Amino acid sequence: FEARKNNRNLDEIIVVEGYMDVIALAQQGLRNAVATLGTATSEEHLKRLFRVVPSVLFCFDGDQAGRNAAWRALEATLSSL
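Residues 1478 to 1558 in our numbering are what the sequence shown spells out, letter by letter.
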């Protein structure tokens, strides 16, 4: 919501794991990030995101949980295309 409110003409949304990731990106001037907050990325999430932007960039942590989340996000994305 905040990402869209700050810039209505977004080219992409960055999806990260947690709100601290969103804050860190905002401090670097990237205001188009949203967080999953520990929930898996679902087809419904992707439908909502693709209604707003043409491109979704997943940027999860490099630990095992982040790699698992990235794999699940990939599966959800492929099945929703």
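Note that beta-carbon positions come from the ideal geometry of N, C-alpha and C, so glycine has one too.
These numbers come from a predicted model, not from an experiment.
- Around the C-beta of residue 1500, fewer than 16 other C-beta atoms lie within 10 Å, and the residue is accordingly described as exposed.
- Across the structure, residue 1553 and residue 1531 are spaced so that their CA atoms are roughly 16 Å apart.
- The alpha-carbon of residue 1558 is positioned some 20 Å away from that of residue 1487.
- For the pair residue 1491 and residue 1556, the Cα-to-Cα distance works out to about 19 Å.
- Nearest neighbour of residue 1489 by Cα position, chosen from 1544, 1527, 1549, turns out to be 1527.
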